[in-house]
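Plus 10 on top of the position in the sequence shown (first one is 1) and you've got my numbering.
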Amino acid sequence: MKTLARLLLALTLLLTAAAPAARAADDLAAVKARMTARIAAIDALKLKGALGENNQALLEVRDPTVKEASTVAAEENKDRTTVYAALAKQQGVTAAEVAKARAKQIASNSAKGVWVQDDKGAWAKK
Numbered sequence: 011m012k013t014l015a016r017l018l019l020a021l022t023l024l025l026t027a028a029a030p031a032a033r034a035a036d037d038l039a040a041v042k043a044r045m046t047a048r049i050a051a052i053d054a055l056k057l058k059g060a061l062g063e064n065n066q067a068l069l070e071v072r073d074p075t076v077k078e079a080s081t082v083a084a085e086e087n088k089d090r091t092t093v094y095a096a097l098a099k100q101q102g103v104t105a106a107e108v109a110k111a112r113a114k115q116i117a118s119n120s121a122k123g124v125w126v127q128d129d130k131g132a133w134a135k136k
């Protein structure tokens with residue numbers, strides 16, 4: 011009976027310890043799904059000049075007269091921040107380091123005519 015009780019206690023502790031990791035994986039899957047669903051809207055807003063990519067790998071509103079730009083940017087930036095934090099934890103670096111590296115990738119891969127911010131903070135169309 012004591013062995014069964016110990017086994018159940020160990021199993022409970024193991025499941026309890028694994029639950030946050032499972033939730034984090036589910037949360038990241040949900041983040042990825044939301045980000046994927048927004049890609050077309052973000053690309054369209056960037057091509058309109060309403061959004062730009064800053065040097066911290068976050069979207070920034072460039073034309074506040076486009077109403078949906080603020081909402082899309084806020085939602086995407088929240089998810090990007092979550093992803094950068096998860097990657098930083100996984101890689102043993104800071105979220106700022108992940109974001110800086112990602113900003114360079116985004117700027118390099120951005121379409122012609124998209125607003126991008128350089129390391130010094132200057133904005134230019136690619």
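The beta carbon of each residue, even a glycine, is placed where N, CA and C say it ideally should be.
Beta carbon of residue i nearer than 8 Å to that of residue j
| i | j | result |
| --- | --- | --- |
| Ile52 | Leu61 | yes |
| Leu57 | Val82 | no |
| Val41 | Asp89 | yes |
| Lys110 | Gly123 | no |
| Ala117 | Glu63 | yes |
Counterpart residues of residue i in DSSP-defined beta bridges
| i | result |
| --- | --- |
| Glu63 | Leu69, Val126 |
| Lys138 | The requested residue 138 is not part of the displayed model; the chain covers only 11 to 136. |
Buried or exposed (CB count within 10 angstroms, at least 16 for buried), residue i
| i | result |
| --- | --- |
| Val103 | exposed |
| Asn119 | exposed |
| Glu86 | buried |
| Gln132 | The question names Gln, but residue 132 is Ala in the sequence shown. Label assigned to Ala132: exposed. |
For residue i, the nearest candidate out of the options (CA to CA)
| i | options | result |
| --- | --- | --- |
| Arg44 | Asn64, Val93, Gln127 | Val93 |
| Lys114 | Gln66, Ala95, Thr75, Gln100 | Gln66 |
| Val141 | Ser80, Asp128, Leu68, Trp125 | A question about residue 141 goes unanswered here, because the residues of the chain that appear run from 11 up to 136. |
| Gln127 | Ala95, Ser80, Glu70 | Glu70 |
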